[in-house]
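J.: Okay, here's the structure, questions in a sec.
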Amino acid sequence: MTNHSWSIVTTRFGYGQRPSARPNGSPKAWLSRQVQNYDPRPARIMGLPDSEAITRQFSDFRLRRDQDAEAKRAARRALRSHVQDAIAARIELAVHTTAPFTERLVQFWANHFAVSTEKPGAGPLAGSFEAEAIRPYILGRFADMLRAAETHPSMLIYLDQAGSIGPNSRRGQAAARRGRRRVGLNENLAREILELHTLGVRSGYTQADVTAFAKALTGHTVPVLRRFEQDKIYGFDPSLHEPGPKTVLGKTYRDEGSREAMRILNDLADHPATARHLATKLARHFSADIPPPALVSRLEESFLATGGDLGAMTLTLIEAPEVWAETRQKFLTPWEWAIASLRAIDTDEFDPLRARRMIVNLGQDLWQPGSPAGFEDKASKWAAPETLHRRVEAAQTIGRLGARHDARTLGPMLYSGIWSENSATAVARAESPAQAMALMLASPEAMWR
Amino acid sequence: MIINRRNMLGGSAAIVGATMLPKLAFAAGGGGSKRLVFVLQRGAADGLGIIAPVGDPSYAGLRGALAEDYADAPLIGGLFALHPALERSAAMFAAGEMMAVHAVASTYRDRSHFDGQNVLESGGTRPYERKDGWLNRLVGLLPEAEASGIAIAQNIPLALQGTHKAGSYAPSRLPDAADDYMRRVAQLYMGDERLHMLWEESLATRAMAEGMNGSGNMRQAADVGALAARMLSGEDSARIAMIETTGWDTHNGQSRRLDRELSKLDTLIEALKVGLGELWADTMVIVATEFGRTASINGTSGTDHGTGSTTLLYGGSLGGGKVLGDWPGLRQSDLYQARDLRPTSALEDVIASTCSSHFTLDPELTKRTLFPGR
Chain G
0 MTNHSWSIVT TRFGYGQRPS ARPNGSPKAW LSRQVQNYDP RPARIMGLPD SEAITRQFSD
60 FRLRRDQDAE AKRAARRALR SHVQDAIAAR IELAVHTTAP FTERLVQFWA NHFAVSTEKP
120 GAGPLAGSFE AEAIRPYILG RFADMLRAAE THPSMLIYLD QAGSIGPNSR RGQAAARRGR
180 RRVGLNENLA REILELHTLG VRSGYTQADV TAFAKALTGH TVPVLRRFEQ DKIYGFDPSL
240 HEPGPKTVLG KTYRDEGSRE AMRILNDLAD HPATARHLAT KLARHFSADI PPPALVSRLE
300 ESFLATGGDL GAMTLTLIEA PEVWAETRQK FLTPWEWAIA SLRAIDTDEF DPLRARRMIV
360 NLGQDLWQPG SPAGFEDKAS KWAAPETLHR RVEAAQTIGR LGARHDARTL GPMLYSGIWS
420 ENSATAVARA ESPAQAMALM LASPEAMWR
Chain U
0 MIINRRNMLG GSAAIVGATM LPKLAFAAGG GGSKRLVFVL QRGAADGLGI IAPVGDPSYA
60 GLRGALAEDY ADAPLIGGLF ALHPALERSA AMFAAGEMMA VHAVASTYRD RSHFDGQNVL
120 ESGGTRPYER KDGWLNRLVG LLPEAEASGI AIAQNIPLAL QGTHKAGSYA PSRLPDAADD
180 YMRRVAQLYM GDERLHMLWE ESLATRAMAE GMNGSGNMRQ AADVGALAAR MLSGEDSARI
240 AMIETTGWDT HNGQSRRLDR ELSKLDTLIE ALKVGLGELW ADTMVIVATE FGRTASINGT
300 SGTDHGTGST TLLYGGSLGG GKVLGDWPGL RQSDLYQARD LRPTSALEDV IASTCSSHFT
360 LDPELTKRTL FPGR
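Below, the structure written as structure tokens:
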């Protein structure tokens with residue numbers, strides 16, 4: 000590792016620096032300390048309602064369908080407020096955290112298992128999904144995260160699994176006898192697990208694999224959403240499960256009810272294609288749009304050698320020379336830039352929902368990636384003329400909030416080692432403290448990681 | 000025209016001393032409906048360009064091509080010309096609703112925008128000495144029932160920060176960034192090939208989408224003026240408002256840039272006046288900047304940071320139509336440090352006198368409260 004400046008380290012592996020809480024020690028120690036002391040239950044997040052409470056609320060809302068418009072509107076508003084609350088908490092945590100590296104990992108894995116606030120039912124659960132299915136597992140075994148994510152009500156609703164019914168299951172047959180043709184298998188979750196969450200696209204699975212896997216997944220649903228099961232939130236409903244053995248990727252799984260899909264998920268988690276897929280994504284996120292092949296290989300080997308231990312893979316990442324390159328290649332995402340800017344001005348006087356509106360204006364809303372693939376992780380996606388323009392305008396707004404700081408001293412401190420003569424001059428010549436802060440936040444030093 | 004070293008301006012009724020400004024003779028106060036608007040020109044506005052001393056024999060020589068802008072401008076107060084972009088202001092000047100105090104500076108004598116604005120806004124004698132602002136302390140001097148201030152901005156600027164009631168209001172939409180800032184960003188990206196490319200492209204696209212941007216600027220200036228008027232109208236509205244303007248740091252291409260910024264200022268004040276309607280008679284507007292600019296033009300058709308500038312006052316009952324101040328002259332030996340307009344009036348005095356007169360407050364108490372230690 001070369002003699003690295005904190006300004007690069009904290010941006011590449013975190014959300015930039017807060018002037019009042021600057022890191023110390025060696026950069027690697029700073030990262031591994033965060034891995035060792037990881038707290039999967041930050042208070043700001045744990046104070047929010049859990050999935051059980053929100054799912055029940057959603058179920059009540061659905062039962063209200065026949066009621067008057069005003070009651071429905073109020074219920075919809077209440078559900079939407081969970082999204083706002085979770086986003087506000089997420090922004091505040093990111094701005095204030097002393098463990099920005101592990102927070103970045105949470106975001107990385109949450110984006111890997113993307114859910115969307117746009118989907119009714121799944122949306123209000125986006126925050127609790129991250130808290131329950133991602134946070135506890137970012138340094139544990141991938142198979143555990145995979146199972147938690149795929150059986151979480153938010154994912155089951157988002158990718159339509161909650162309504163999937165085995166054609167030959169008890170309920171499937173009953174529906175067929177009543178002549179209801181719309182009832183049946185939904186392949187959405189099975190396909191996205193294979194394509195996005197594990198093996199990766201074009202890794203060799205077939206349509207038959209998708210269908211068989213979808214059959215194995217039947218029964219994993221959100222019982223409370225079904226009128227006849229008001230008591231159970233999570234879980235497996237055997238009356239929906241497709242009977243008989245299923246063959247996925249050449250391996251035949253006998254019918255074991257709920258455990259059947261879990262066995263398939265475990266096998267997918269261990270698959271070499273999964274190792275390569277995840278290694279490529281992780282390397283791309285922390286190094287460059289086109290990740291160095293050697294880095295991908297090392298992460299892949301680490302994953303396979305440890306049985307999918309994400310903690311071990313994270314340590315391999317920290318040790319890799321490629322992620323310590325001096326060249327800053329990656330354009331910050333709108334989210335990263337906004338959070339880093341709010342950290343840089345070191346103020347509590349910002350309204351997180353106003354910050355959210357700004358992030359939306361910059362091209363990203365939290366948990367709204369537009370596709371189950373999550374936000375694209377190529378900088379070219381964000382480094383566009385219009386998005387840069389909006390960022391420069393937002394810098395002006397944030398600059399005003401941070402005008403009590405002197406950007407002339409803050410610049411060289413936050414961007415130590417990389418603060419250019421050109422930026423220093425621009426800041427020094429600014430016509431006001433607010434403009435100086437804006438120029439600092441819009442400077443090239445603040446744009447790349 | 001022969002200019003004396005100390006040529007008193009504006010007639011004996013309004014002579015301005017170097018250290019103490021006697022009570023400015025405005026229409027009598029009284030009544031509880033007085034309003035005050037403080038317009039801050041951030042970036043050191045060129046007083047010699049706003050109220051140009053075209054009658055001073057040294058002016059044309061110091062200003063070179065910049066002096067040509069005033070060729071057709073009518074003289075005011077014998078010695079000066081109002082910048083031609085201040086069209087509506089000129090009409091107000093003629094109607095007695097506008098005046099200027101020239102060769103003004105705060106107690107601050109260095110040339111940092113940051114420190115200069117801090118001194119001007121806080122009302123302290125040194126940068127970063129105080130945490131609250133004089134405009135906020137002025138709120139505290141008003142009868143409690145009507146005491147509140149509002150900043151037409153997303154955040155409360157230092158001048159209005161403090162223990163007394165003050166808020167801020169701006170449309171929630173991200174504001175269009177000022178041209179001056181955009182120009183500086185372009186400079187910032189000169190060394191970064193990728194950002195430079197993206198930036199140029201975005202500017203081109205925006206320009207295409209919006210046509211030329213001049214009209215947008217004027218609309219925005221009018222919107223700010225109208226918004227301020229709304230915030231000051233009505234029984235329970237704020238009595239004191241602050242508006243920040245930028246774009247005054249004219250190191251290069253001053254002619255074009257000053258023309259644009261003054262047009263915006265002119266538009267803003269006109270919109271404020273129209274929006275206030277009858278309340279305009281009870282309103283005082285103070286337009287001030289942190290310091291002035293060099294007396295002579297620099298190598299890039301602009302001016303650099305200087306000292307003395309000018310302060311503009313507007314109001315429906317102002318009794319204006321004059322240029323006040325103790326004109327120091329522009330000969331080399333007259334200039335401050337042989338480069339800037341020498342300040343002969345203290346900005347703190349101008350503000351304190353204006354406020355005490357306008358709100359019928361005790362002048363000594365006002366001065367002491369707004370600018371302690373002065």
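Quick mapping for you: the protein sequence lines, in order, are chains G and U. Per numbering that gives the first Met the number 0, the very first residue in the first sequence carries number 0; after that it's consecutive. Per numbering that gives the first Met the number 0, the very first residue in the second sequence carries number 0; after that it's consecutive. Idealized CB from N, CA, C, for every residue including glycine.
So, for residue 171(G): in the same chain, excluding its five sequence neighbours on each side, which residues have a beta-carbon less than 8 Å away from its beta-carbon?
T.: For residue 171(G), where only same-chain residues beyond five positions count, the Cβ hits under 8 Å are 164, 165, 182, 183, 239 and 241.
J.: On a Cα-Cα basis, can you pick out the residue from 380(G), 59(G), 116(G) and 86(G) that is closest to residue 73(G)?
T.: Selected option, being the one with the closest Cα: 59(G).
J.: When DSSP labels each residue in this structure, what does residue 150(U) get in the three-state scheme?
T.: Looking at residue 150(U) - three-state DSSP - the assignment turns out to be strand.
J.: Using a C-beta to C-beta distance shorter than 7 Å, which residues of chain U count as neighbours of residue 375(G)?
T.: Correct list: empty, because the minimum Cβ distance to chain U is about 18 Å.
J.: For residue 40(U), which of helix, strand or coil comes out of DSSP?
T.: Residue 40(U) falls in the strand class under three-state DSSP.
J.: Could you tell me the boundaries of the beta strand (DSSP E) in which residue 166(U) lies?
T.: Here the beta strand (DSSP E) through residue 166(U) covers 165-167.
J.: Mind checking which residues open and close the beta strand (DSSP E) that includes residue 437(G)?
T.: Looking at the DSSP string, residue 437(G) is not in any beta strand (DSSP E); the run it does join, the alpha helix (DSSP H), is 432-441.
J.: What did DSSP end up calling residue 384(U) once you bin it into helix, strand or coil?
T.: Chain U is shown only over 0 to 373; residue 384(U) falls outside these bounds and no answer can be derived.
J.: Which word fits residue 351(U), buried or exposed, when buried means at least 16 other C-beta atoms lie within 10 angstroms of its C-beta?
T.: So residue 351(U) ends up on the buried side.
J.: May I have a chain-ordered list of the beta strand (DSSP E) segments no shorter than 3 residues that lie completely inside the stretch 37-112 of chain U?
T.: List check, beta strand (DSSP E) in window: 79-81 and 97-104.
J.: Shorter than 7 Å from the beta carbon of residue 37(U) to some beta carbon of chain G?
T.: No, residue 37(U) does not count as interfacial toward chain G.
J.: Just mark residue 379(G) as buried or exposed, buried being the case when its beta carbon has 16 or more other beta carbons within 10 Å.
T.: Exposed, by the Cβ-count rule.
J.: Sorted by chain position, which residues of the same chain lie with C-beta nearer than 7 Å to residue 95(U)'s C-beta, five sequence neighbours on each side aside?
T.: Hits under 7 Å: 317, 318, 319 and 320.
J.: Taking the Cβ atom as the reference point for each residue, do residue 324(G) and residue 299(G) lie within a distance shorter than 7 Å?
T.: The answer is no: Cβ separation not under 7 Å.
J.: Per DSSP, which one or two residues make a beta bridge with residue 330(G)?
T.: In the DSSP output, where bridge partners are listed per residue, residue 330(G) has 447(G).
J.: For residue 219(G), which three-state DSSP category applies?
T.: Three-state result, residue 219(G): strand.
J.: Can you round the beta-carbon distance between residue 269(U) and residue 246(U) to whole angstroms, since I take them to be within the 8 Å contact cut?
T.: 18 Å between Cβ atoms; not a contact.
J.: I'd like to know if the stretch 43-54 of chain G and the stretch 125-135 of chain G are in contact, where contact means that at least 3 CB-CB pairs between them fall below 8 Å.
T.: Counting Cβ pairs under 8 Å, three or more are found: they touch.
J.: Using a Cβ-Cβ cutoff of less than 6 Å, which residues in the same chain neighbour residue 258(G) once the five nearest sequence positions on both sides are dropped?
T.: Correct list: empty, nothing qualifies.
J.: Residue 358(G) and residue 333(G): beta carbons closer than 7 Å?
T.: Yes, the Cβ-Cβ distance between residue 358(G) and residue 333(G) is below 7 Å.
J.: Enumerate, from N- to C-terminal direction, the unbroken alpha helix (DSSP H) stretches of 4 or more residues contained entirely within the stretch 331-373 of chain U.
T.: Complete alpha helix (DSSP H) runs here, min 4: 346-358 and 362-369.
J.: Give the straight-line distance between the Cα atoms of residue 102(U) and residue 308(U), rounded to the nearest whole angstrom.
T.: Answer to the nearest angstrom: the Cα atoms are 5 Å apart.
J.: Could you tell me the distance, in whole angstroms, from the CA atom of residue 154(G) to the CA atom of residue 367(G)?
T.: So the alpha carbons of these two residues sit roughly 14 Å apart.
J.: Note down, in chain order, each residue of its chain lying with its Cβ closer than 6 Å to the Cβ of residue 208(G), except the 5 sequence neighbours on either side.
T.: Excluding residues within five positions, the ones whose Cβ falls inside 6 Å are 247 and 248.
J.: Mind checking residue 448(G): buried by the 16 CB within 10 Å criterion, or exposed?
T.: Buried.
J.: Using the C-alpha atoms, what's the distance from residue 128(U) back to residue 141(U)?
T.: Cα to Cα, the separation comes out at about 24 Å.
J.: Look at residue 327(U) and residue 338(U) and say whether their C-beta atoms are less than 7 Å apart.
T.: Contact: no.
J.: Under the three-state reduction of DSSP, which class applies to residue 230(U): helix, strand or coil?
T.: In the structure shown, residue 230(U) sits in a helix (DSSP, three-state: H, G or I).
J.: Under a three-way DSSP split, which group does residue 238(U) fall into?
T.: Looking at residue 238(U) - three-state DSSP - the assignment turns out to be coil, as it is neither helix nor strand.
J.: Using only the alpha-carbon positions, how far apart do residue 321(G) and residue 291(G) sit?
T.: Distance between the alpha carbons of residue 321(G) and residue 291(G) is about 7 Å.
J.: Are the beta-carbon atoms of residue 230(U) and residue 237(U) separated by less than 7 Å?
T.: Yes, Cβ-Cβ distance for residue 230(U) and residue 237(U) is below 7 Å.
J.: Hey, residue 197(U) and residue 387(G): beta-carbon distance below 7 Å or not?
T.: The answer is yes: Cβ separation under 7 Å.
J.: Flag this pair as yes or no: are the beta carbons of residue 306(G) and residue 4(G) separated by less than 7 Å?
T.: Contact: no.
J.: In or out: residue 79(G) buried (at least 16 other Cβ within 10 Å) or exposed?
T.: With fewer than 16 Cβ atoms within 10 Å of its Cβ, residue 79(G) is classed as exposed.
J.: Within its chain, find whatever has a CB closer than 8 Å to the CB of residue 87(G); leave out the 5 residues flanking it on each side and keep chain order.
T.: Cβ within range, chain order: 351, 352 and 355.
J.: Do residue 37(U) and residue 285(U) count as a contact pair if the criterion is CB distance below 7 Å?
T.: In this structure, residue 37(U) lies closer than 7 Å to residue 285(U) by Cβ.
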